[in-house]
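Have a look at the structure below before the remarks.
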Amino acid sequence: MKAFSYYNATDLKDAVMVLGNMEVQSLPLAGGTDILGEMKNRYVSPGRLVNLKSIPGLDKISFGREGLKLGALVRLHDIAMDKRIQKDYPGLAQAADSVGSPQLRNVGTLGGNLCQRPRCWYYRGEEYPCIRKSGGICYAVSGRNKYHCVIGGGPCFIVHPSDTAPMLMALGAKVTIQGVKGSRDVVMDEFFILPEEDSTRENILLPGELITAVTVPAPAKGSRNCYLKFKERGSRDFALASAGASLLVDEAGTTCLKASLVLGGVAPAPHRAKEAEALLTGKKIDLQAVEQAVKAALADAAPMTENEYKVGLARTILKRAILRAAGVEV
Amino acid sequence: MAQWKPLEKMRYVAHDVPRTDGPAKVTGAAKYTADIVLPGMLYGMILRSPHAHAYVKNIDLSGAEKHPAVKAVLDMNKYTVRYYGDEVAAVAATSPELAEEALDLIKVQYELLPFVVTEEAAMAPGAPRIAEEGNVSWERAGDKAKVEQILAGSSHVVEADIRCQVQVHACLESHGAVAQWEGDKLKIWISTQGVHGCREDFATYFEIDQDKVEVICDYMGGGFGSKFPVGVEGQVAARLAKIAGLPVKLMLSRKEECLAVGNRPSANMKLKMGGDSQGKITALWQESNGTGGISGNAGFPMPYIFAVPEGAYYKKHAHVRINAGTERPFRAPGHPMSAFGTDIIVDMLAEKAGIDPLRFRLLNDPDQSRQKQYKIGAERIGWETRWNKVPGSGSTGKKRGVGIGAGRWGGGGARSTKVQVEIFPEGKVVVSTGTQDLGTGIRTLVHQVAADILGIPMSYVTPQIGRTIYPFSTGSGGSITTGSVTPAVNNACNTALTRLFEKVAPALGVDAGDLACEDGVIYAIADRSKSLKWKEATALLQGEVLNITDGWVEGLSSSGVAGCQFAEVEVDTETGRIKPLKYVAVQDFGLAVNTLTSRSQINGAIVMGISWCLSEDRTMDPKTGTMVNPNLESYKLSGPMEIPEIEVIIDHMPERGVIGLGEPPQVPVAGALANAVYNATGVRITRMPMTADVVLQALAKKGGA
Numbered sequence: 001m002k003a004f005s006y007y008n009a010t011d012l013k014d015a016v017m018v019l020g021n022m023e024v025q026s027l028p029l030a031g032g033t034d035i036l037g038e039m040k041n042r043y044v045s046p047g048r049l050v051n052l053k054s055i056p057g058l059d060k061i062s063f064g065r066e067g068l069k070l071g072a073l074v075r076l077h078d079i080a081m082d083k084r085i086q087k088d089y090p091g092l093a094q095a096a097d098s099v100g101s102p103q104l105r106n107v108g109t110l111g112g113n114l115c116q117r118p119r120c121w122y123y124r125g126e127e128y129p130c131i132r133k134s135g136g137i138c139y140a141v142s143g144r145n146k147y148h149c150v151i152g153g154g155p156c157f158i159v160h161p162s163d164t165a166p167m168l169m170a171l172g173a174k175v176t177i178q179g180v181k182g183s184r185d186v187v188m189d190e191f192f193i194l195p196e197e198d199s200t201r202e203n204i205l206l207p208g209e210l211i212t213a214v215t216v217p218a219p220a221k222g223s224r225n226c227y228l229k230f231k232e233r234g235s236r237d238f239a240l241a242s243a244g245a246s247l248l249v250d251e252a253g254t255t256c257l258k259a260s261l262v263l264g265g266v267a268p269a270p271h272r273a274k275e276a277e278a279l280l281t282g283k284k285i286d287l288q289a290v291e292q293a294v295k296a297a298l299a300d301a302a303p304m305t306e307n308e309y310k311v312g313l314a315r316t317i318l319k320r321a322i323l324r325a326a327g328v329e330v
Numbered sequence: 001m002a003q004w005k006p007l008e009k010m011r012y013v014a015h016d017v018p019r020t021d022g023p024a025k026v027t028g029a030a031k032y033t034a035d036i037v038l039p040g041m042l043y044g045m046i047l048r049s050p051h052a053h054a055y056v057k058n059i060d061l062s063g064a065e066k067h068p069a070v071k072a073v074l075d076m077n078k079y080t081v082r083y084y085g086d087e088v089a090a091v092a093a094t095s096p097e098l099a100e101e102a103l104d105l106i107k108v109q110y111e112l113l114p115f116v117v118t119e120e121a122a123m124a125p126g127a128p129r130i131a132e133e134g135n136v137s138w139e140r141a142g143d144k145a146k147v148e149q150i151l152a153g154s155s156h157v158v159e160a161d162i163r164c165q166v167q168v169h170a171c172l173e174s175h176g177a178v179a180q181w182e183g184d185k186l187k188i189w190i191s192t193q194g195v196h197g198c199r200e201d202f203a204t205y206f207e208i209d210q211d212k213v214e215v216i217c218d219y220m221g222g223g224f225g226s227k228f229p230v231g232v233e234g235q236v237a238a239r240l241a242k243i244a245g246l247p248v249k250l251m252l253s254r255k256e257e258c259l260a261v262g263n264r265p266s267a268n269m270k271l272k273m274g275g276d277s278q279g280k281i282t283a284l285w286q287e288s289n290g291t292g293g294i295s296g297n298a299g300f301p302m303p304y305i306f307a308v309p310e311g312a313y314y315k316k317h318a319h320v321r322i323n324a325g326t327e328r329p330f331r332a333p334g335h336p337m338s339a340f341g342t343d344i345i346v347d348m349l350a351e352k353a354g355i356d357p358l359r360f361r362l363l364n365d366p367d368q369s370r371q372k373q374y375k376i377g378a379e380r381i382g383w384e385t386r387w388n389k390v391p392g393s394g395s396t397g398k399k400r401g402v403g404i405g406a407g408r409w410g411g412g413g414a415r416s417t418k419v420q421v422e423i424f425p426e427g428k429v430v431v432s433t434g435t436q437d438l439g440t441g442i443r444t445l446v447h448q449v450a451a452d453i454l455g456i457p458m459s460y461v462t463p464q465i466g467r468t469i470y471p472f473s474t475g476s477g478g479s480i481t482t483g484s485v486t487p488a489v490n491n492a493c494n495t496a497l498t499r500l501f502e503k504v505a506p507a508l509g510v511d512a513g514d515l516a517c518e519d520g521v522i523y524a525i526a527d528r529s530k531s532l533k534w535k536e537a538t539a540l541l542q543g544e545v546l547n548i549t550d551g552w553v554e555g556l557s558s559s560g561v562a563g564c565q566f567a568e569v570e571v572d573t574e575t576g577r578i579k580p581l582k583y584v585a586v587q588d589f590g591l592a593v594n595t596l597t598s599r600s601q602i603n604g605a606i607v608m609g610i611s612w613c614l615s616e617d618r619t620m621d622p623k624t625g626t627m628v629n630p631n632l633e634s635y636k637l638s639g640p641m642e643i644p645e646i647e648v649i650i651d652h653m654p655e656r657g658v659i660g661l662g663e664p665p666q667v668p669v670a671g672a673l674a675n676a677v678y679n680a681t682g683v684r685i686t687r688m689p690m691t692a693d694v695v696l697q698a699l700a701k702k703g704g705a
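Chains as they are written, first to last, in full-length UniProt numbering: chain A, 1 to 330; chain B, 1 to 705.
Listed below in structure tokens is the structure:
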């Protein structure tokens with residue numbers, strides 16, 4: 001790790017001012033579980049870390065008319081353990097609980113989970129001047145790629161590593177972004193970007209901008225949700241494939257009125273399974289209907305040399321997430 | 001020949017005894033090498049090659065030498081670097097961060113050379129030659145034509161392509177040392193499996209007498225075979241300290257652990273096995289290769305476990321060099337690969353012959369211990385009800401099945417082992433020997449045996465190990481530590497007790513030979529009213545410390561162990577997840593000195609074997625010549641969710657004396673798991689690691705066929 005200076009931000013305005021000052025390259029620090037690994041591997045070496053934990057009030061969970069509001073510094077553990085989140089948004093509690101290990105969830109924050117950098121082993125190694133580090137090539141294309149994306153790739157082939165992002169996107173959440181010029185709200189569907197737009201960042205945040213909060217709409221009557229994650233190793237792993245499913249069902253609880261389905265672990269950003277959503281909407285939710293719907297997911301997938309297995313796996317995980325959200329026993 | 005005291009006379013031996021150093025370890029009081037901090041201590045760090053194969057054209061150390069925090073710089077004088085991670089230079093600076101900064105200032109000019117990082121590429125026609133000796137050395141046995149003739153005449157023949165991947169040791173504590181020179185004397189704390197071996201290594205390396213070197217390893221966090229020699233890292237720490245005139249700590253990073261300090265070689269084998277109409281094995285045919293990195297050494301013993309008739313075995317094996325870190329011994333070197341291949345091919349032959357694999361083993365395994373163990377294990381796993389007569393015939397979705405694996409190992413004891421026993425007048429006993437505790441529990445075993453042989457409570461005894469100031473003990477490898485140390489402790493304690501009896505006999509008015517000691521009371525065997533409490537007896541030493549050193553004796557240990565394991569798994573056929581549900585391990589290792597630490601050894605071996613079988617994968621990138629996952633995120637060790645219920649059955653044979661246990665239970669793990677997966681799914685998976693992608697692919701192939 002290279003030497004850096006450390007700054008305790010006093011408030012949000014102070015934080016974005018300091019982060020936006022380009023004289024010293026500055027990066028925000030929340031839980032630190034991601035940035036520390038990056039700095040230790042020496043491909044990220046900021047001149048200054050700006051500590052956000054010194055800003056009061058960013059770690060609150062509150063419920064209002066607008067729905068659930070989560071401060072960016074809310075710890076993943078707190079989301080996973082919150083009784084009301086477990087009841088109203090079980091998928092969100094499941095997503096937070098599926099991240100890393102208890103130790104990581106105890107310090108990792110929601111904002112950090114959404115903004116974490118990819119786990120691609122070429123990106124994570126200082127030896128590889130890859131395209132995500134503003135270098136020339138994606139090493140995964142002709143290299144080892146069993147954990148890489150099957151859709152949405154090019155010229156870089158990462159997968160987005162977040163567990164909370166697919167679920168929040170499925171729940172129709174929006175993020176509040178603070179910049180030097182003020183704050184704005186952006187729906188999750190517009191927050192992440194694909195490599196074809198910019199292969200050096202995973203979301204729309206510009207230097208000096210921060211997520212300050214995430215708002216999840218209040219649950220409508222008949223809403224059901226679930227997050228499922230498949231890990232290669234059952235203990236402490238990133239998703240090979242995951243699925244956030246948010247359904248609106250009729251009074252009988254059997255017909256799908258609306259489906260919001262987002263896949264993780266398969267694309268450089270959380271991937272909305274639009275075809276499956278369309279096929280499921282208006283259908284009676286049973287094994288056959290769900291199987292038919294998920295078959296349409298990832299129809300445009302373009303697997304790499306070592307990751308074709310992810311297509312079928314992601315469909316299976318999506319199928320199970322939908323069935324579990326709907327409470328259908330199979 | 002010496003004999004162990006009757007078990008009924010012992011309070012600790014053959015019982016569950018918690019670790020003597022458990023509290024020190026869990027409270028942090030135990031100081032490992034990484035915990036050592038000395039006044040003025042510097043931090044050493046090694047510059048490593050970023051290339052798989054290159055000439056070092058020029059190396060400019062001046063930038064590092066000029067750095068104000070740097071106190072020593074070393075050129076490793078390499079003309080050629082031969083793997084990603086090969087050592088090039090080293091520095092010692094006042095902090096780890098400044099040492100890293102200094103490494104950046106060393107400018108190395110490389111001329112890149114072609115490289116190979118897979119067995120296939122190294123063996124391909126026209127492959128770049130990466131070593132003077134060539135990329136491949138062959139090992140052959142038997143007559144191919146003759147064996148093929150036997151196969152052709154056999155009632156049943158099966159064939160399998162087996163792949164065992166390279167496994168890195170992944171010791172929780174990394175390799176490293178803290179070196180301190182006082183004049184021409186070297187004092188070194190080092191994480192090692194052999195303090196006395198290290199003393200000899202350092203003395204040889206620095207051309208000094210062994211008495212000038214003191215090696216200390218009070219505690220260590222695992223070695224598994226990778227920590228015998230002092231290694232480049234140990235030498236570098238001592239050299240830097242010598243140059244700087246200050247102590248130097250050099251502990252390797254996790255990345256360096258993955259690249260440069262050893263691994264278990266791969267084993268890729270094509271096997272054919274024949275059987276007669278009665279289900280007896282007729283022949284074994286093997287063409288195989290494996291790589292131990294740049295050293296190439298990659299052998300494994302075959303035929304394994306089962307009897308193959310004389311002249312009916314053919315082997316052609318390639319030891320393949322690739323541009324990767326060299327192998328080092330790893331928990332039962334070779335055997336887990338032998339067992340994996342054998343357990344699978346035997347399972348296949350049993351099926352082909354229409355014989356239950358359990359009965360097939362009873363028919364073909366000549367070992368009497370395992371004959372008994374198979375039956376015990378089968379009963380405990382519920383073989384009769386849980387084994388699917390038609391593989392894959394269980395319920396849909398998540399499928400269950402059971403499988404068997406078998407193993408053997410040697411063990412033994414080193415005659416050179418010495419133990420010192422000091423009995424102090426206040427009754428305290430200190431037992432010292434220069435062995436080391438890799439985590440296996442030998443400190444506790446020394447403690448138990450000493451207390452039982454002397455006939456006193458363990459609380460009177462302090463065991464001391466891990467230092468070369470204590471009498472010579474051998475390196476901990478080959479599962480010989482218990483067989484070396486405990487007989488010597490037994491003998492030295494007996495000698496000390498005899499001497500003590502001689503001192504106190506006059507006070508009791510009996511002959512020394514008529515005394516015994518039990519539960520802290522020395523008494524005349526013929527008349528128990530003539531007795532002294534231990535501390536009353538030792539007070540008669542009158543200020544003298546009774547101090548004797550004695551050595552290993554024959555009769556208390558032996559070698560050669562057998563074991564078998566039964567695994568039950570559940571396979572999610574939609575996701576490819578294999579979940580081990582239960583293991584039953586039946587293991588013989590003679591006299592179980594500590595049944596608690598013994599079960600721990602077996603538990604740990606099963607976890608390690610599952611980890612190898614299901615998830616560990618040193619992933620080499622053929623394009624860059626690098627290992628892309630030198631970390632514990634994507635080099636995946638088993639965690640708590642992978643660990644099944646484990647039932648350990650100690651096949652206790654105290655009459656055989658003590659035999660080491662560290663390695664043997666590692667051997668049958670993967671084969672049992674592979675056979676259970678087949679029994680669950682009806683799909684034969686013969687390559688490791690059996691990750692979801694591999695399983696899904698195999699299932700899809702079967703489904704499409």
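Note that beta-carbon positions come from the ideal geometry of N, C-alpha and C, so glycine has one too.
Let me know if residue i comes out buried or exposed under the rule of 16 or more other beta-carbons within 10 Å of its beta-carbon.
i                        : result
methionine 22 (chain A)  : exposed
methionine 641 (chain B) : exposed
leucine 581 (chain B)    : exposed
tryptophan 138 (chain B) : exposed
asparagine 547 (chain B) : exposed
alanine 705 (chain B)    : A caution first: alanine 705 (chain B) carries a pLDDT of 42, below 50, which makes its placement in the model too unreliable to give a value.
Can you give the beta carbon distance from residue i to residue j, rounded, assuming they're within the 8 Å contact cut?
i                        : j                       : result
methionine 1 (chain B)   : glycine 555 (chain B)   : 3 Å
leucine 250 (chain B)    : glycine 194 (chain B)   : That belief does not hold up - the Cβ atoms of leucine 250 (chain B) and glycine 194 (chain B) are roughly 19 Å apart, past 8 Å.
arginine 82 (chain B)    : isoleucine 46 (chain B) : About 16 Å separates the two Cβ atoms, so there is no contact after all.
threonine 281 (chain A)  : alanine 299 (chain A)   : Contact doesn't hold; Cβ gap of about 17 Å is too wide.
asparagine 225 (chain A) : glycine 91 (chain A)    : 4 Å
glutamate 202 (chain A)  : alanine 269 (chain A)   : 7 Å
Below 8 Å on C-beta distance, what does residue i contact in chain B?
i                      : result
arginine 117 (chain A) : Here the premise fails: no neighbours, minimum Cβ distance about 13 Å.
Just verifying my parser: in three-state terms, what is the DSSP assignment at residue i?
i                        : result
alanine 705 (chain B)    : Low confidence applies here, because alanine 705 (chain B) scores a pLDDT of 42, under 50, leaving its location unreliable and the question unanswered by this model.
asparagine 203 (chain A) : strand
glutamate 139 (chain B)  : strand
isoleucine 610 (chain B) : helix
serine 369 (chain B)     : helix
asparagine 289 (chain B) : strand
Per DSSP, residue i forms a beta bridge with which residues?
i                       : result
threonine 549 (chain B) : B:Gln420
alanine 89 (chain B)    : B:Leu47, B:Asp75
Report the neighbours of residue i on chain A: residues whose CB is nearer than 8 Å to its CB, in chain order.
i                        : result
alanine 450 (chain B)    : Residues of chain A passing the Cβ test: none, with the nearest at roughly 39 Å.
methionine 641 (chain B) : Arg233, Gly234, Ser235
alanine 692 (chain B)    : Phe230, Glu232, Leu240, Tyr309, Leu313
valine 628 (chain B)     : Trp121, Tyr122, Gly125, Gly143, Arg144
Report the neighbours of residue i on chain B: residues whose CB is nearer than 7 Å to its CB, in chain order.
i                      : result
methionine 1 (chain A) : Glu97
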